[in-house]
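In our numbering, the protein residues as written are 430 to 477.
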């Protein structure tokens, strides 16, 4: 069992890292959507 550091600074860092990962993941998803013609076409055709 590793010791978990629960100082405010550490918690802050963990949250920031998590947010960064999520943001990065979103950008990747968007990037993949834009450069994936099939998905892009499905999206476009699904919008009336």
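Yeah, the Cβ is synthetic: ideal placement off N, Cα and C, and Gly gets one too.
Keep in mind the model is a prediction, meaning the values are calculated, not measured.
- When secondary structure is reduced to three states using DSSP, residue 444 falls in the helix class.
- For residue 461, the three-state secondary structure derived from DSSP is helix.
- Going by beta carbons, residue 459 and residue 468 fall outside the 8 Å limit.
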